[in-house]
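Basically our numbering = 1-based index in the first sequence + 496.
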Amino acid sequence: MNSDNKNFFQKVYEVARLIPEGRVTSYGAIAKYLGAARSARMVGWAMNGAGSMPEIPAHRVVNKIGLLTGKHHFDGTNLMQQLLENEGITVVDNQIIDFEKHFWDPFKELGGPA
DNA sequence: CAATTGACTCGGT
DNA sequence: CACCGAGCCAATT
497 MNSDNKNFFQ
507 KVYEVARLIP
517 EGRVTSYGAI
527 AKYLGAARSA
537 RMVGWAMNGA
547 GSMPEIPAHR
557 VVNKIGLLTG
567 KHHFDGTNLM
577 QQLLENEGIT
587 VVDNQIIDFE
597 KHFWDPFKEL
607 GGPA
């Protein structure tokens with residue numbers, strides 16, 4: 497079926513919405529899962545629109561090294577970090593501690609491309 | 001309509 | 001190890 501009927505942004509919203517609590521993922525991971533590994537920027541842009549989507553935990557999406565590059569887009573200056581810490585994730589200097597331990601891989605969790 | 005920017009990532013020098 | 005360029009695609013100016 498045509499999962500590709502949906503727009504790229506729409507898919508990003510779906511995957512982001514599926515991120516479990518206490519987990520995080522990267523823009524590139526989502527982009528790659530959608531078949532656009534080099535379009536990580538688009539994921540970020542999508543997240544910008546996701547800011548209006550309460551079901552889309554954009555704060556759980558960070559760059560590939562676990563750095564909160566998008567924290568400036570949230571209200572205040574440390575809201576993103578507070579949200580992550582609230583879920584049991586440790587963040588120091590805008591960077592997630594044990595990032596790979598909290599990393600949520602859509603390929604692994606969603607089953608990935610057959 | 002053209003140029004610039006942007007919540008990224010990879011690779012080369 | 002640090003810096004720079006290329007690729008991706010969309011929104012804003």
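C-beta: ideal position from N, C-alpha, C; glycine also.
Whole-Å CB distance - residue i paired with residue j, under 8 Å assumed
i	j	result
residue 512	residue 552	5 Å
residue 566	residue 543	7 Å
residue 590	residue 577	7 Å
Residues that DSSP places opposite residue i in a beta bridge
i	result
residue 599	520
residue 592	587
residue 563	591
residue 557	521
Candidates the options, of which the one nearest residue i by Cα
i	options	result
residue 545	516, 565, 524 and 569	569
residue 527	516, 519 and 559	559
residue 607	590, 530 and 593	530
residue 538	600, 557 and 605	557
residue 503	522, 599, 519 and 532	532
residue 517	507, 509 and 580	580
residue 600	514, 575, 574 and 536	514
residue 563	524, 605 and 505	524
residue 598	508, 521 and 509	521
residue 510	534, 535 and 554	554
residue 575	547, 595 and 534	547
Coarse secondary structure for residue i, derived from DSSP in three states
i	result
residue 484	Nothing about residue 484 can be reported from this structure: the residues present for the chain run from 497 to 610 only.
residue 526	helix
residue 580	helix
residue 606	coil
residue 575	helix
residue 545	helix
residue 533	coil
Residues of its chain near residue i, where Cβ-Cβ distance is below 7 Å and the 5 sequence neighbours each way are ignored
i	result
residue 571	none
residue 583	517 and 518
Cβ-based neighbour list, residue i, same chain, cut-off 6 Å, excluding 5 preceding and 5 following
i	result
residue 541	none
residue 593	586
residue 505	542
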